[in-house]
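*Asks:* A single structure is presented below for examination.
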Amino acid sequence: MKSLINKICIGTAQFNQKYGISNNNVLKKKDFYKILDIAIKHNIFNIDTAQSYLSEKELGKYIYAHGIENIVKISSKFIINNNPLNSFEKDLKRKIEISLTNLKCSLDSFLLHDISQIGLLERNIKFLKFFERNYPINRFGFSIYDFKDYLKIKKLKKNNFVLQYPKNLLNSKFNSIKKKKNEKHFIRSIFLQGLLLNHPVFLKNQKIRNFRNEYLKFLDKKKLNSEKLCLSHAFTDKKVDFIVIGFNSSKQLKNIINVVKNNDFIEIKKDFNEFFDRYKNKNFIDPRTW
Numbered sequence: 122m123k124s125l126i127n128k129i130c131i132g133t134a135q136f137n138q139k140y141g142i143s144n145n146n147v148l149k150k151k152d153f154y155k156i157l158d159i160a161i162k163h164n165i166f167n168i169d170t171a172q173s174y175l176s177e178k179e180l181g182k183y184i185y186a187h188g189i190e191n192i193v194k195i196s197s198k199f200i201i202n203n204n205p206l207n208s209f210e211k212d213l214k215r216k217i218e219i220s221l222t223n224l225k226c227s228l229d230s231f232l233l234h235d236i237s238q239i240g241l242l243e244r245n246i247k248f249l250k251f252f253e254r255n256y257p258i259n260r261f262g263f264s265i266y267d268f269k270d271y272l273k274i275k276k277l278k279k280n281n282f283v284l285q286y287p288k289n290l291l292n293s294k295f296n297s298i299k300k301k302k303n304e305k306h307f308i309r310s311i312f313l314q315g316l317l318l319n320h321p322v323f324l325k326n327q328k329i330r331n332f333r334n335e336y337l338k339f340l341d342k343k344k345l346n347s348e349k350l351c352l353s354h355a356f357t358d359k360k361v362d363f364i365v366i367g368f369n370s371s372k373q374l375k376n377i378i379n380v381v382k383n384n385d386f387i388e389i390k391k392d393f394n395e396f397f398d399r400y401k402n403k404n405f406i407d408p409r410t411w
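Note that the sequence shown covers residues 122 to 411 in my numbering.
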């Protein structure tokens with residue numbers, strides 16, 4: 122039986138840039154490498170990056186230096202240039218070669234980061250199959266935000282995509298997804314960029330501040346650990362293959378490994394859901410609007 126720890130996928134958006142509302146520190150190379158060291162030690166081999174992140178090249182250096190190119194399973198993300206002078210095939214080939222050069226290993230999945238470009242893929246499915254056969258790429262897929270994006274993907278004449286989408290205590294939009302046999306599903310944003318963690322945060326949006334105040338009162342009343350509550354919600358979802366988590370420190374990764382390893386989860390009770398149902402799927406919980 123697969124260990125729940127193996128469902129952890131290391132998110133790398135935090136490297137060398139501020140990411141998330143509760144993260145005031147930039148994750149530097151030394152700390153980034155510590156996180157990767159601990160992950161590999163615990164057989165956590167799935168790692169998420171993107172060409173737009175500052176981590177892709179640094180991750181490649183780590184992989185090469187440690188000789189782990191045959192063990193890690195890397196997901197990266199790309200955007201196709203909407204340039205009429207470039208053909209889809211030519212631009213995709215260039216994006217693939219950039220990531221393969223940066224990472225110095227094969228790609229387990231290569232995800233389109235902009236769903237508005239799905240029309241390009243729809244007209245060029247044969248090229249995806251060509252690249253899967255002729256390049257060290259296991260599968261293509263999509264990094265999406267809305268359920269309507271998933272409905273567009275369902276119409277494509279290809280059924281083994283990798284999907285990555287947000288899911289947390291406030292976002293249940295993807296609960297009704299019917300996972301196909303050959304698909305692989307990653308969820309992200311389980312802490313909602315830190316909003317759902319009991320850490321100091323700075324919030325401009327009044328609606329989010331109001332929710333946050335009520336949420337902290339709820340945690341206090343129920344005597345709940347915010348991190349453990351979010352993990353419990355994510356790791357008990359059987360439809361999910363992997364959970365992308367960005368770590369601010371190696372200490373945070375160790376804490377999460379201990380929770381998952383010991384199955385130290387919180388039962389999501391009916392009155393918990395009643396609280397979150399008041400805020401679920403509201404526009405103000407989308408980080409793109411912050």
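Even glycine gets a Cβ: it sits at the ideal position worked out from N, Cα and C.
1) Just to confirm before moving on: does the CB-CB distance between Val381 and Leu125 stay below 8 Å?
2) Please classify Pro287 as buried or exposed, where buried requires at least 16 neighbouring CB atoms within 10 angstroms.
3) Just the Cα atoms here: how many angstroms apart are Asp150 and Tyr185?
4) For Lys391 and Arg333, what's the separation of their Cα atoms in angstroms?
5) Is Gly188 helix, strand or coil when you go by DSSP?
6) Determine the DSSP secondary structure at Pro321, reduced to helix, strand or coil.
7) Can you tell which of Asn379, Thr357, Leu345, Leu290 has its C-alpha closest to the C-alpha of Lys403?
8) Of all the options Asp385, Phe356, Lys375, Phe263, which has the alpha carbon lying nearest to the alpha carbon of Val283?
9) Would you decide whether Asp398 is buried or exposed? Buried here means 16 or more other CB atoms lie within 10 Å of its CB.
10) Rounded to the nearest angstrom, what separates Lys279 and Ser196 at their Cα positions?
11) Give every residue of the same chain whose Cβ lies closer than 6 Å to the Cβ of Tyr400, excluding the five residues on either side of it in the sequence, and list them in chain order.
12) For Asp212 and Tyr266, I'd like the C-alpha separation in whole angstroms.
13) Asp169 bridges to which residues according to DSSP?
14) So is Thr357 buried or exposed if we call it buried at 16+ other beta carbons inside 10 Å?
15) To the nearest angstrom, how far is the alpha carbon of Asn167 from that of Leu316?
16) Hey, Phe363 and Cys130: beta-carbon distance below 8 Å or not?
17) Apart from the five residues just before and just after Leu374, which ones in its own chain have a Cβ nearer than 6 Å to its Cβ?
*Replies:* Working from what's here:
1) Against a cut-off of 8 Å, the Cβ pair of Leu125 and Val381 comes out as a contact.
2) By the 10 Å Cβ count, Pro287 comes out buried.
3) The amino acid occupying residue 150 in the given sequence is Lys; Asp does not appear at that position. Cα to Cα, the separation comes out at about 15 Å.
4) When rounded, the distance between both Cα atoms is 20 Å.
5) Collapsing the DSSP output to three states places Gly188 in coil.
6) Coil.
7) It is Leu290 whose Cα lies nearest to the Cα of Lys403.
8) The residue with the shortest Cα to Cα distance from Val283 is Phe263.
9) Result: exposed.
10) Rounded to whole angstroms, the separation of the alpha carbons of Ser196 and Lys279 is 19 Å.
11) So the qualifying residues of the chain are Leu291, Phe332.
12) So the two alpha carbons sit approximately 24 Å from each other.
13) According to DSSP, which records beta bridges pairwise, Asp169 is partnered with Gly132, Ser196.
14) Classification of Thr357: exposed, given that the 10 Å Cβ count is below 16.
15) Taking the straight line joining both Cα atoms gives about 25 Å.
16) Yes, the pair counts as a contact, with Cβ atoms nearer than the cut-off.
17) Cβ neighbours of Leu374 beyond the five flanking positions: Ile156, Ile159, Phe368.
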